[in-house]
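In my numbering, each residue carries its 1-based index in the sequence shown increased by 23.
Written out below as structure tokens is the structure these notes cover.
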Amino acid sequence: MSLKKGEFVGSLDCGTTSTRFIIFDKYANIVAQYQLEFPQYYSHPGWHEHDATEMMAVCDTCMDEACKALEDAGFDRSSIKIIGVTNQRETAVAWSRKTGKPLCRAIVWDDARTRSVVSTFQRKLKTTGIEVKHGIWRNGEAGVNALKELTGLPLSTYFSAIKLRWMIDHWEQVRKAHDEDDLLFGTVDSWIAYNLTGGLKGGLHITEVSNASRTLLLNIKTLDWDPVLLKFFSLKSSILPLIVSSSQVYGKVMYGALKGTPIGGLVGDQQGALIGNKCLRQGEAKCTYGTGAFLLFTTGEKIVYSAHGLLSTIAYQAGPNAKPVYALEGAIAVAGSAVKWLRDSMRMIRTAEEINYLAGSVPTTSGVFFVTAFSGLLAPYWDPAATGLIIGMTSYTTPAHICRAALEANAFQTRAVIDSMKLDSKNDLKHLKVDGGMTNGDLCMQVLADIGGFEVIRPEMRESTALGSALLAGSAIGLFGWDITKPETLAEVNTAGSTPFIPTVTAADRDQRWDGWERAVERSRGWNVDCAEDD
């Protein structure tokens, strides 16, 4: 059978628990795809690790199998003109310059082992301070503000420089590699790009700006690694990758089914979803509900610094000479993982989908609140010592009430982030575009609209993260006429339809629930303050 020639763009989407390779046409219809999970390692309480070699092997398998699926659909694999890569962001990978192999397991973005490292640098900021220029130091609140002005970020277990510092301090092989200039550090985009472009045989050591902006090492104004930050964290510049834009041809795949195919788009997964939802104009927002939940609000070419607990981050840079586009972000550590906990640990449900049926069997939580702070609270609370809490239970409480409270927790935390975004940006939010696994449930989305008090728009095709990197890759070579700097060129992309969810509860009911949530959060905060592990 002769295979047809077409024009498609591929996207390698390496998430927290699985990887998929999706092949899109010019309208964002999925022509072929393949998905595979990879192992998760939880060797100590609060630890979460990946084997970077296993992760890369799964990436390779997904690309190869998706190409086979494309051929089964009747198209030659050469129809894939370019690929993009999107990835879990703050996960830290350390590997050897000499061998090209990982020096240790990767520390995943939601790993909480580094509380003591954060505490150490918080003390350093308050006492010694940070040397913003030669001989000029800022300490106390001025030091905290100086760090935030440089990076857009607070000190947190969340960001990868903190994880790297822990690796160097606790794993001898990483410390030795750092001292001997054998260490290569990067986030997952760096590790994938290095391997795809040849590894030891000329592989590129690069990272894309949106990923770099999550390290605590990038100056988000200059888009360069900042020597002030490297000195503050005692890190060598030689370990860091070259910073590249989100949309340009970096190199070619050097092996496998896609050998010779250009790589033209790199982007962190949440920024990828922002682009995939076509939230390219100032004031547009999306939230992705996966393992965690991540809400991004585009602020344009201006950095908006948050006074209400949010992150200032780079959304994307449309080419090497393009100006960066910025966003405000609120991250929720636990979203879909709470559903997984109810399924796997508590055995309240047999499948993730079942939570919507069980939660829907009761009209309310009957006063139960579930603060899903399994690894502390992120935006806008930023309390690593917060802990998970279920409160308001009586003898009347059933698993159905707890399941509904889990869905409400997702909505309450989203509202907390959006309230902060409104205050920082001075803009209201008319609607929120959503994607990710949790959005499949109608009840979950209706609860979100009711508690948030805004319209929720769920597109029919919800592989927004993968689509974002595909759009960046296509834009790099002008495929299909796509141009990220001109949203009108994407008018025909992903127009298959959407489902709106409109608030159905009164403002008084919404405010009463919100008051209960805030009281529950207050009780969860600070619980683990004396429990941070030093090793």
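Idealized CB from N, CA, C, for every residue including glycine.
These numbers come from a predicted model, not from an experiment.
(message) Assuming contact is defined by CB atoms lying nearer than 9 Å, are Gly-29 and Val-54 in contact in what I supplied?
(response) As a working mapping, residue 29 is identified with position 6 in the sequence shown. As a working mapping, residue 54 is identified with position 31 in the sequence shown. It is a contact, given that the beta carbons lie within the stated cut-off.
(request) Quick one: measure Cβ to Cβ for Leu-252 and Leu-240, integer angstroms, because I've assumed they're closer than 8 Å. (result) The count along the sequence shown starts at 1 and reaches residue 252 at position 229. The count along the sequence shown starts at 1 and reaches residue 240 at position 217. The pair is a contact, with the Cβ atoms about 5 Å apart (cut-off 8 Å).
(message) For Trp-160, list the residues DSSP reports as bridge partners.
(response) Within the sequence shown, residue 160 is the residue found at index 137, counting from 1. In DSSP, Trp-160 forms a bridge with Glu-154.
(request) Determine the direct distance from the alpha carbon of Trp-194 to that of Asn-450, and round the result to whole angstroms. (result) Position 427 of the sequence shown, counted from the first residue, corresponds to residue 450. Position 171 of the sequence shown, counted from the first residue, corresponds to residue 194. About 46 Å.
(request) Please state whether DSSP places Cys-310 in a helix, a strand or coil. (result) Counting from 1 along the sequence shown, the entry for residue 310 is found at position 287. Cys-310: strand per DSSP, three-state reduction.
(request) Kindly indicate which residue of Ile-480, Gly-332, Glu-486, Gly-475 has the alpha-carbon position closest to the one of Ser-443. (result) Here residue 443 corresponds to residue number 420 of the sequence shown, with the count starting at 1. Nearest option by C-alpha distance: Gly-332.
(request) Note down the Cα distance separating Ser-119 from Asp-204, rounded to an integer number of angstroms. (result) Along the sequence shown, read from residue 1 onward, the residue named residue 119 stands at position 96. Along the sequence shown, read from residue 1 onward, the residue named residue 204 stands at position 181. Taking the straight line from one Cα to the other gives about 9 Å.
(message) Using the three-state DSSP reduction, which class does Arg-481 fall into: helix, strand or coil?
(response) Residue numbering aside, residue 481 sits at position 458 when the sequence shown is read from its first letter. Strand, per DSSP.
(request) Within the same chain, show all residues whose beta-carbon is closer than 8 Å to that of Cys-426, passing over the 5 residues directly before and after it, in chain order. (result) Your numbering for residue 426 matches position 403 in the sequence shown. Once the five neighbours on either side are set aside, the close Cβ partners of Cys-426 are Leu-365, Met-371, Ile-372, Ile-378, Leu-381, Ala-382.
(request) Label Gln-63 either buried or exposed according to how many other C-beta atoms from any shown protein chain fall within 10 Å of its C-beta, with 16 as the threshold for buried. (result) For the purposes of this step, residue 63 is taken as the residue at position 40 of the sequence shown. With fewer than 16 other Cβ atoms within 10 Å, it is exposed.
(request) Please state if the CB of Pro-523 and the CB of Lys-301 are separated by a distance shorter than 9 Å. (result) Taking the sequence shown and counting its residues from 1, one reaches residue 301 at position 278. Taking the sequence shown and counting its residues from 1, one reaches residue 523 at position 500. Not closer than 9 Å, so no.
(request) Enumerate in chain order the residues of its own chain whose CB-to-CB distance from Gln-145 is below 6 Å, with the five nearest sequence positions on each side excluded. (result) Counting from 1 along the sequence shown, the entry for residue 145 is found at position 122. Hits under 6 Å: Leu-178.
(request) Can you grab the Cα-Cα spacing for the pair Gly-299 / Gly-107, in whole Å? (result) Within the sequence shown, numbered from 1, the residue matching residue 299 stands at position 276. Within the sequence shown, numbered from 1, the residue matching residue 107 stands at position 84. In this model, Gly-299 and Gly-107 are separated by some 12 Å (Cα to Cα).
(request) Can you tell me which of the three DSSP states Cys-90 falls into? (result) Your numbering for residue 90 matches position 67 in the sequence shown. It is helical.
(request) Count the other C-beta atoms from every protein chain shown that fall within 10 angstroms of the C-beta of Lys-456, then say buried if there are 16 or more, exposed otherwise. (result) For this step, residue 456 is matched to residue 433 along the sequence shown. Buried.
(message) Per the DSSP calculation, Phe-98 is bridged to which residue(s)?
(response) What you label residue 98 is simply residue 75 of the sequence shown in a count that begins at 1. BP columns for Phe-98 point to Lys-27.
(request) Could you pull the start and end residues of the alpha helix (DSSP H) that Ser-142 belongs to? (result) Walking along the sequence shown from the start, residue 142 turns up at place 119. In the DSSP annotation of this structure, the continuous segment of the alpha helix (DSSP H) that includes Ser-142 starts and ends at 138-149.
(request) Helix, strand or coil for Glu-72, going by three-state DSSP, please let me know. (result) What you label residue 72 is simply residue 49 of the sequence shown in a count that begins at 1. Look at Glu-72 here: in three-state DSSP terms it is strand.
(request) Return the residue from the list Ser-329, Leu-351, Thr-311 that minimises the CA-CA distance to Gly-323. (result) By 1-based counting over the sequence shown, the position of residue 323 is 300. That would be Leu-351, whose Cα lies nearest to the Cα of Gly-323.
(message) Assuming Leu-381 is part of the beta strand (DSSP E), what are its boundary residues?
(response) Position 358 of the sequence shown holds residue 381. No beta strand (DSSP E) holds Leu-381; the alpha helix (DSSP H) holding it covers 377-382.
(message) Among the candidates Asp-87, His-424, Ala-354, whose CA atom is the shortest distance from the CA of Ile-404?
(response) The residue you call residue 404 lines up with position 381 of the sequence shown. According to the sequence provided, residue 404 is Tyr. The question's Ile does not apply to it. Checked all of Asp-87, His-424, Ala-354; the closest Cα to Tyr-404 is Ala-354.
(message) In whole angstroms, give me the CA-to-CA distance for Ala-216 and Leu-289.
(response) Taking the first residue of the sequence shown as position 1, residue 216 is located at position 193. Taking the first residue of the sequence shown as position 1, residue 289 is located at position 266. Between Ala-216 and Leu-289, the C-alpha separation is close to 9 Å.
(request) Would you list the residues sitting across from Gln-340 in a DSSP beta bridge? (result) Taking the first residue of the sequence shown as position 1, residue 340 is located at position 317. Per DSSP, the beta bridge partners of Gln-340 are Pro-347.
(message) Taking the straight line between their C-alpha atoms, what separation do you get for Leu-471 and Val-544?
(response) Start at 1 with the first residue of the sequence shown, and residue 471 comes out as number 448. Start at 1 with the first residue of the sequence shown, and residue 544 comes out as number 521. Just so you know, the alpha carbons of Leu-471 and Val-544 end up roughly 18 Å apart.
(request) Compare the Cα-Cα distances from Thr-84 to each of Ala-280, Leu-400, Lys-453 and report the closest residue. (result) Here the question's residue 84 lines up with position 61 in the sequence shown. Between Thr-84 and the set Ala-280, Leu-400, Lys-453, the nearest pair of CA atoms involves Ala-280.
(request) Take Ala-439 as the anchor and find which of Lys-453, Gly-476, Ala-423, Tyr-65 has the nearest alpha-carbon. (result) Residue numbering aside, residue 439 sits at position 416 when the sequence shown is read from its first letter. Ala-439 has its Cα closest to that of Gly-476, out of Lys-453, Gly-476, Ala-423, Tyr-65.
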